[in-house]
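Presented below is the structure to which this report refers.
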Amino acid sequence: MPATDHDPTANPDNEPVVLGPWRAFRTKTRKVHIASALTTGAVRVTSALVKFDLHQRLAWTSSGRCYRIVCPPAEEELARGLLTAYLIRAGLVGAKDISGTLWRAMLARA
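5 is the number of the first residue of the sequence shown in this note's numbering; add one for each residue after it.
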């Protein structure tokens with residue numbers, strides 16, 4: 005079966021997946037991942053980012069997916085806790101939260 009049958013975010017046309025509340029993290033190996041609640045209600049931790057367009061707020065991952073950031077990083081304590089928990093579940097323990105830095109860079113390019 006194609007990947008789209010198993011993964012609702014897989015998109016053969018590579019249309020950006022719109023992220024809901026999100027936080028960005030840099031691992032000890034300097035790879036950046038985004039943890040987000042998707043519009044479907046699922047929570048996702050992306051594979052490592054390989055390209056980022058600050059002006060258009062688009063992120064491409066090593067798996068080939070494209071994500072669009074449409075809102076500021078999650079600030080609510082519950083949302084932050086949930087996203088951090090999913091990050092740890094994905095094995096990215098000790099990653100540094102760089103959400104504020106990334107958001108300020110996006111605003112500077114707007």
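Where a beta carbon is used, it is the ideal one built from N, C-alpha and C, also for glycine.
Assigned exposure category for residue i - 16 Cβ within 10 Å defines buried
| i | result |
| --- | --- |
| Thr43 | exposed |
| Thr8 | Interpretation of Thr8 is limited by its pLDDT of 40, a score under 50 that renders its predicted location unreliable; the figure taken from the coordinates is listed afterwards. By the 10 Å Cβ count, Thr8 comes out exposed. |
| Pro76 | exposed |
| Arg27 | buried |
| Arg93 | exposed |
Identified DSSP bridge partners for residue i
| i | result |
| --- | --- |
| Arg93 | Arg93 pairs with nothing; no bridge assigned. |
| Trp115 | The question about residue 115 has no answer here: the residues shown for the chain are numbered 5 through 114. |
Span separating the alpha-carbon of residue i from that of residue j
| i | j | result |
| --- | --- | --- |
| Met110 | Val47 | 23 Å |
| Thr50 | Gly24 | 13 Å |
| Leu53 | His37 | 6 Å |
| Pro20 | His59 | 15 Å |
| Gly45 | Cys70 | 18 Å |
| Asp11 | Ser67 | Model confidence at Asp11 stands at a pLDDT of 46, short of 50, so the residue's coordinates are unreliable; what they give is reported in the following sentence. One C-alpha to the other measures close to 13 Å. |
| Lys55 | Tyr90 | 22 Å |
| Arg84 | Thr33 | 22 Å |
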